[in-house]
């Protein structure tokens with residue numbers, strides 16, 4: 261896995277204040293690293309890796325165009341704020357709808373949504389739609405209640421992509437996810453995100469992409485709260501939140 265650190269590392273921080281569609285605006289910021297022989301052998305040379313999913317913020321209004329999906333895309337629409345009608349389903353903040361084998365997903369209402377396009381192989385052939393209510397997943401808290409998460413969408417609804425909510429005021433120490441990509445869509449943020457040793461300011465309505473086996477950390481500004489939607493492809497790293505919450509409930513021994 262060390263070849264990931266020797267290869268180019270992609271950091272996409274896309275300010276999406278007026279994003280009208282379901283794609284990330286603007287080119288990614290690339291943090292270049294020396295690509296040694298091990299990286300070439302693994303096929304991981306420059307340019308930076310393409311993440312397996314694409315995410316964006318969408319301001320939903322009366323004239324918002326539908327999300328255009330590719331023939332193999334599974335579409336996730338998570339309502340972050342307001343009331344949004346997605347493909348005929350009325351959703352509230354925290355709700356998510358997962359749509360498969362549908363080339364166009366209409367959005368109506370007034371609010372903010374996180375839209376994720378996840379190409380799948382083999383291509384889904386049967387149209388499908390699953391609504392996951394935000395009230396289903398319990399709130400998991402740790403770090404003396406300063407951090408919390410809701411593990412909203414995962415198996416069996418979505419066996420290969422996780423989507424959930426993350427919120428809190430605490431710092432997150434440097435760590436890696438050995439085999440999973442992380443895409444963090446920060447609805448609210450004010451602080452410093454460190455990726456592969458490089459620091460970058462992270463603010464409201466920005467998206468950061470972390471390749472597998474890449475060190476990353478988060479340090480909020482004093483008094484700032486991170487409110488975000490977190491995606492892992494494949495799922496797995498989110499399970500640590502259950503352990504952290506269990507340890508917090510158990511208290512000191």
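Residue numbers (this note's numbering): 261 to 513.
Note that the Cβ used here is the ideal one computed from N, Cα and C, for glycine as well.
Taking a contact as a CB-CB distance under 8 angstroms, the pair residue 329 and residue 365 counts as one, their CB atoms being some 6 angstroms apart. Put simply, of 455, 438, 450 the residue whose alpha carbon is nearest the alpha carbon of residue 427 is 450. DSSP places residue 466 inside the beta strand (DSSP E), whose first and last residues are 466-470. For residue 475, there is no enclosing alpha helix (DSSP H), as DSSP gives it neither H nor E. Annotation: residue 430 to residue 459 spans about 17 angstroms, alpha carbon to alpha carbon. Of all C-beta pairs linking the region 356-372 to the region 401-409, fewer than three are shorter than 8 angstroms, placing the two stretches out of contact.
Listed in chain order, the non-local C-beta contacts of residue 388 below 6 angstroms within the same chain comprise 360, local neighbours out to five positions each way being set aside. Between residue 380 and residue 358, the gap from beta carbon to beta carbon reaches 8 angstroms or more. Shortest Cα-Cα distance from residue 326 to any of 355, 332, 373, 497 involves 373. With respect to the 8 angstroms criterion, residue 415 and residue 383 are not classified as neighbours on the basis of their beta carbons.
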